[in-house]
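Residue numbers (the working numbering), protein chains in the order written: chain A, 1 to 182; chain B, 1001 to 1182.
There are 2 protein chains.
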Amino acid sequence: MANTKKMDYVLLGLLSHEPMTGYEMKKRLDTTLRFFWGGSYGSIYPTLNQLEKEGKVTKEDTSSNGREKLSYSITDCGKDALIEWLAKPVEKDELRYETLLKLFFGNETGMEGAMEHIERFEEKCKDELVVLNMFAENLGQYLEDDTHKHYYLTVKFGIKTYEAYLEWCREAKEQIKEWTKK
Amino acid sequence: MANTKKMDYVLLGLLSHEPMTGYEMKKRLDTTLRFFWGGSYGSIYPTLNQLEKEGKVTKEDTSSNGREKLSYSITDCGKDALIEWLAKPVEKDELRYETLLKLFFGNETGMEGAMEHIERFEEKCKDELVVLNMFAENLGQYLEDDTHKHYYLTVKFGIKTYEAYLEWCREAKEQIKEWTKK
DNA sequence: TTTATCATATATCGGTTTGATATATTTGTC
DNA sequence: GACAAATATATCAAACCGATATATGATAAA
């Protein structure tokens, strides 16, 4: 079967925006993409080497003053592979929410435990919403650019979902209070 | 550091409800838990063997008519480990949405590509919502039971989020139409 | 001025998990 | 009776994460 490795396309996608280093890619994954995708050094650097061997990216040594720095760029071949992947239907959208796992098995620790997890989750959601709203505001100025349009849509997705999470938190807390007072 | 392997606690959690086989656990992961957690045979069976060696579960051969069948039960030691984990704060809640990834890098394929992915996503969300609403309706009858209360809260979470996804789909499609007609 | 800390930058390793596959029996259907 | 589907256990390569090692440059505090 064809290449199904996701990290390949994540890195090609980032390089389709602009050339950058592995370190910068990690930063993007930890900031811009963090709401819907992750990635570790342990998969970034080996993948970069593999993509170079396949001719999908080129490596350029842009070190200065002894500070090692390898800048990667996407090739035509790499762009073709990216476009081919983008056109294919999505294989899997996946949630891995430990909070829900602990809530689901929470009958072992009682409703107080559930309540605590919900409250911690609520706080985290509020923080994320602040960040996402800032992103949306900043992006509003650059919406003539196509890349930013796509970015904007994903940020909007994040805002919608975190708002829904907060709504659920309020309702779940209310529900638990009702259950426990009886 | 202590054990951070998630599958241990997923299986212990399932066994805290009732004894079952590895095959049944996989089915639970594919139905009840599928909205917030996954799991494959490749991690279920080895983990089960490891948990038995650690004394956290016991294995009983309940084969009949030559059909192999190994039923697992949780021990007191296993229950302690589960309760300890449940009390700890959540380490990570994670989304891995390929749809958003393809949307984010979609400037390579234009807005038509984005539109297609959103529409496919929308259909999938509608289907999931039907299933979740059925779950919620069925669960309504058993809400005296604590295990079902916790289950109910996670289903409600799913419903809230999928409704938010659908709302986002409508708005994103509207937004794209506005952008492209200009 | 020296020292500590943080940011930049590449790279690897062990352990966890996925996805696919192999094997074998029973049950249900045409 | 033949065939497909469900039940059931198990393994393997490949993918991926989290932590760590290493080293330099910049910045701030002492």
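For glycine and all other residues, C-beta sits at the position ideal for the given N, C-alpha and C.
Is the distance from the Cβ of residue i to the Cβ of residue j below 9 Å?
i: Thr32/A; j: Tyr162/A; result: no
i: Phe121/A; j: Tyr1009/B; result: no
i: Ala114/A; j: Leu1153/B; result: yes
i: Trp1085/B; j: Phe157/A; result: no
i: Leu129/A; j: Leu166/A; result: yes
i: Gly13/A; j: Glu1108/B; result: yes
i: Val90/A; j: His1117/B; result: yes
i: Phe1035/B; j: Leu100/A; result: yes
What residues in its chain sit with their C-beta under 8 Å from that of residue i, if we drop five residues either side in the sequence?
i: Thr180/A; result: Met111
i: Glu52/A; result: Thr58, Lys59 and Tyr72
i: Gly1199/B; result: Only positions 1001 to 1182 of chain B appear in the structure, and residue 1199/B is not among them; the question remains open.
i: Cys183/A; result: Within the shown structure, residues of chain A are numbered from 1 to 182, placing residue 183/A beyond reach of any answer.
Hey, quick one: how far does the beta strand (DSSP E) through residue i stretch, first residue to last?
i: Glu1060/B; result: Val1057 to Asp1061
i: Leu95/A; result: Asp93 to Tyr97
Looking only at its own chain, which residues have a Cβ that is under 7 Å from the Cβ of residue i, when we skip the five neighbours before and after it?
i: Gly203/A; result: Since the first residue of chain A shown is 1 and the last is 182, residue 203/A is not available in this structure.
i: Tyr45/A; result: Gly22
i: Asn133/A; result: Ile159
i: His1017/B; result: Thr1147
i: Pro19/A; result: Ser71, Tyr72 and Ser73
i: Asp127/A; result: none
i: Ala172/A; result: Ile118
At which residues does the alpha helix (DSSP H) containing residue i begin and terminate?
i: Tyr72/A; result: Looking at the DSSP string, Tyr72/A is not in any alpha helix (DSSP H); the run it does join, the beta strand (DSSP E), is Leu70 to Ile74.
i: Val984/B; result: One cannot answer for residue 984/B here, as it falls past the ends of chain B, which runs 1001 to 1182.
i: Lys1053/B; result: Tyr1041 to Lys1053
i: Gly106/A; result: Premise fails: Gly106/A is in no alpha helix (DSSP H) and is neither H nor E.
Could you say which of the options lies nearest to residue i if we only look at CA atoms?
i: Glu1144/B; options: Arg34/A, Lys182/A and Glu119/A; result: Lys182/A
i: Lys1183/B; options: Lys102/A, Lys79/A, Leu86/A and Ala87/A; result: Past the boundaries of the shown model lies residue 1183/B; chain B is included only from 1001 to 1182, so the question cannot be answered.
i: Lys92/A; options: Met1134/B, Val1090/B and Tyr1097/B; result: Tyr1097/B
i: Leu48/A; options: Thr109/A, Lys6/A and Gly140/A; result: Lys6/A
i: Thr4/A; options: Asp127/A, Ile176/A and Ala81/A; result: Ala81/A
i: Ile1176/B; options: Glu1119/B, Gln1141/B and Lys1160/B; result: Glu1119/B
i: Val1155/B; options: Phe1135/B, Glu1174/B, Tyr1142/B and Asp1146/B; result: Phe1135/B
i: Leu15/A; options: Gly42/A, Ile74/A, Glu54/A and Ser40/A; result: Ile74/A
i: Gly1042/B; options: Arg1034/B, Lys1026/B and Phe1035/B; result: Lys1026/B
i: Gln50/A; options: Ser64/A, Ser40/A, Leu11/A and Ile83/A; result: Leu11/A
In this structure, does DSSP put residue i in helix, strand or coil?
i: Ser16/A; result: helix
i: Ser1064/B; result: strand
i: Trp1085/B; result: helix
i: Phe1157/B; result: helix
i: Asp1145/B; result: coil
i: Asn3/A; result: coil
i: Lys182/A; result: coil
i: Trp37/A; result: coil
i: Val1090/B; result: coil
Excluding the 5 residues flanking residue i on each side, which residues of the same chain have their C-beta closer than 6 Å to its C-beta?
i: Thr1062/B; result: Lys1069 and Ser1071
i: Tyr1142/B; result: His1148
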